[in-house]
Amino acid sequence: MKTPYAALVMLALLLGACGQPGSQQPTPVTPPVQTDKASATVTVTLPATPQGGLRPSYVPGTTRALRIRLGATDVTRAIGENEPGCTLAEGKITCSFTLAVAAGNTTLKVQALDASNRILAEAEKDVRIELGRNNPLKITLFGVPESVELTFDRLADVSEAGGVTLLDRGGEYHVGVALIDASGQIILDPGRPNDLLCSDNPAFVVSGSKGSFTLEAPEPVGEPQNVSLRVVSGESCASGKELKQLSVQVPKLQVDLRLSNTEPIAGDSILANASLLTARGRPLNIAGRNVVFGATGASVAQPSATTDSTGQVSVSVVTASTVGTGTVTATSSGVSATASFSSRPGQPNPALSTITLEPDSVRVRGTATLTVTLKDGNGNPITSEPEVRASVGSAVLTTQVGNVFTYSVTAPATPGIMNLQVSHASQTVGERNLEVTPYALRVLDGGVELPRNYTFNFASDVPKAFTVLEEQYTGAFIAESSNTDVATVQVSGNTLTVTPGTQAGLAQITVRDAHADPAYVQTVQFDVSVTTVTLEID
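Residue numbers (mature numbering (1 follows the signal peptide of the UniProt record, and there is no 0)): -23 to -1, 1 to 515.
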């Protein structure tokens, strides 16, 4: 904004007549006419506008007239390139004119006016005009503020809302005060009137002068801190003329609370970290602020603590041993923040969890029921499905009710021990063994199972066929004769053929299956009797 000034110099010159000296002889003379009138020549120069648009002089360059009051004399003279008595040279306008003034003690008052007769600058001083002398008069005009502009540094910390200037942080702010005259030009020294920046809140300390001030603002606390800053023209804030009022506020701080884990295991410890923030959510790096912690569904190891140099503080929070929800609250200067958590059960505890298998022994391809109930070390039910691994056969989840899981277990086609391992999140809960046994090996004659200690008597040399059965068995059967001279055996599929031999007697027939595990190989034995007749013919 352009703020040119010009110099005003007033010269009072005596223009009255001088008396002649008389002879030694007294002669009658007419007394001269005495007068107290004098004259003053006024010269004013408006300098050219230098680079940057500022003029280091007293009178604004927008001056178009001067109003001069010297005693009873009150005149207004136009100033400009084409005005009478004004000349333009080297970009400067110089105007001179003469005023008739009265001699003696009087008051000089000068006002610089713009084209709309608005007062741009003015001054008043007591002067003495003496007859018979050159009376140079010099006066410095002071700008007349029409408006005031205030500027703050630290722009990142300054904002405006609803006509209030908001300071996001405390500390030192440089406040610039620009006094602007009616023509829109900034008033500069030496024509700048004395101005003060006044605070009505002792928490906001102002220092400096002449448009350059320092405002020491308090750091944010739990309530907004307000101050009315007034720009006053004069020697004191109490008696000066108020030029502008500005409402300034340091808004209240915020508290941010974060939990290290919002889904902790019930009974575990988590960290609650509280951070002080400005109203705009930026870190408030202030040490020593007290923060009080509270919790529901948990206990706080340290109910209160102070912030470090980053404006943060952390405390340990122990969650309840029972699964549920809870909250943690942090409060500083009456401002609170709350964070929630939802605890979950821990790993299954083998001592509190149960695994049942009914029955614990089945035939091949038979079924059993495995029931798993999961609880953690605090007795909390675990409702996420465990992993059941079967060494052979299969285990399939059929139902879940809360933390109770039911599996249908199917045995393999071969006898043996079926191992069932239960784990959860890679942690073993326990295991159970299901014994798988084969169906009975049976030998039938005409659909009737041979009884114990059975003996078949051959009535002829015709071979005898028996049926060998074992449910769910798909392997081969093996048969042996204890005396092949009495009887021989052959097995094809499920048919056992016993052929009588040439020798009379008893033979024990042994039939067995071929299970891989010798412990489950079954054997059936019975006897056959062969009777022979020797016929001799003489």
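Ideal placement from N, C-alpha and C gives every residue a C-beta, glycine not left out.
Which same chain residues, not among the five before or five after residue i, have their C-beta less than 8 Å away from its C-beta?
i	result
E99	K86, V87, Q88, A89, L118, F119 and V121
T375	T383, Y384 and S385
I157	M(-23), P122, E123, S124, V125, E126, I163 and I164
G188	G153, V154, A155, L156, R169 and D172
C214	L173, C175 and R207
D515	none
K218	V209, S210 and G211
G311	G199 and E200
V294	L236, S246, I247, L248, A249, F270, A272, A275, S276, V277, A278 and V305
Suppose the cutoff is 7 Å on Cβ atoms and the five residues either side in sequence are ignored; what does the same chain contact list for residue i look like?
i	result
E513	none
V292	A249, F270, V277, A278, Q279 and A282
P241	I247, T296, F318 and S320
T360	G379 and N380
A194	L144, G147, G148, Y150, F181 and V227
R259	D145
G478	T461, D462, V463, A464, T465 and V507
Suppose you measure from the CA of residue i to the CA of residue j; what does that come to, to the nearest Å?
i	j	result
G38	Q162	9 Å
A402	P363	8 Å
V406	R146	57 Å
P3	N59	Because P3 carries a pLDDT of 38, less than 50, the predicted location of this residue cannot be relied on, and no value is offered for it.
L329	T302	23 Å
S468	I486	A small fix is needed here, since residue 468 is Val in this sequence, not Ser. Rounded to the nearest angstrom, the two C-alpha atoms are 12 Å apart.
P8	G81	Note that P8 scores a pLDDT of 41, beneath 50, so its modelled location is shaky; the value from the coordinates is reported in the next line. So the two alpha carbons sit approximately 22 Å from each other.
A55	G62	10 Å
Q499	Q449	14 Å
E107	V78	11 Å
E200	N94	49 Å
V369	V300	37 Å
Q404	A272	32 Å
residue 516	V501	Look at the range of the chain in this structure, -23 to 515, and you will see that residue 516 is not part of it.
V52	I45	5 Å
D504	V425	16 Å
T64	F74	12 Å
R131	S216	31 Å
A496	V373	28 Å
F454	R366	33 Å
I116	R105	13 Å
L97	L43	10 Å
I70	G57	7 Å
S224	S205	5 Å
A388	A417	17 Å
P440	S371	45 Å
Can you tell me where the beta strand (DSSP E) holding residue i begins and where it ends?
i	result
Y431	Premise fails: Y431 is in no beta strand (DSSP E) and is neither H nor E.
D504	T500 to V507
P477	T472 to P477
V141	V141 to L144
I394	G393 to H401
E219	K218 to V227
Q467	A464 to S469
P113	N112 to K115
K69	K69 to A79
F382	V381 to T387
A491	Careful: A491 lies outside any beta strand (DSSP E) and carries neither H nor E.
I164	No beta strand (DSSP E) contains I164, which DSSP labels as neither H nor E.
T128	S124 to F129
A372	S371 to V378
G153	G148 to I157
V268	N267 to T273
D51	T50 to A55
F318	V312 to S319
Could you round the C-beta distance between residue i and residue j to whole angstroms and report it? I think they count as a contact, below 8 Å.
i	j	result
A484	A464	4 Å
D91	R41	6 Å
N410	T444	In fact, because the Cβ distance is near 34 Å, the residues do not count as touching under 8 Å.
L446	L397	That pair is no contact at about 30 Å.
K229	A264	No, K229 and A264 are not in contact; Cβ-Cβ is about 19 Å, not under 8 Å.
P415	P392	5 Å
Take residue i and list the residues in its own chain whose beta-carbon comes closer than 6 Å to its own, dropping the five residues that flank it on each side.
i	result
S338	E412
L234	A251, A307, A314 and A316
S309	V232, R266 and V268
Q480	D462 and V463
residue 517	Within the shown structure, residues of the chain are numbered from -23 to 515, placing residue 517 beyond reach of any answer.
L421	T444
R419	E426 and L446
I332	V349, V399, G407 and R409
N238	I247
Would you check whether the ligand COA has a heavy atom nearer than 7 Å to the C-beta of residue i?
i	result
L165	Here there are no bound small molecules, and the ligand COA is not part of this structure.
Next on the checklist: With three or more C-beta pairs closer than 8 Å as the rule, is the segment 323 to 340 touching the segment 348 to 356?
Outcome noted: yes
Next on the checklist: For the structure I just gave you, are there three or more beta carbon pairs, one from the segment 128 to 147 and one from the segment 100 to 115, closer than 8 Å?
Outcome noted: no
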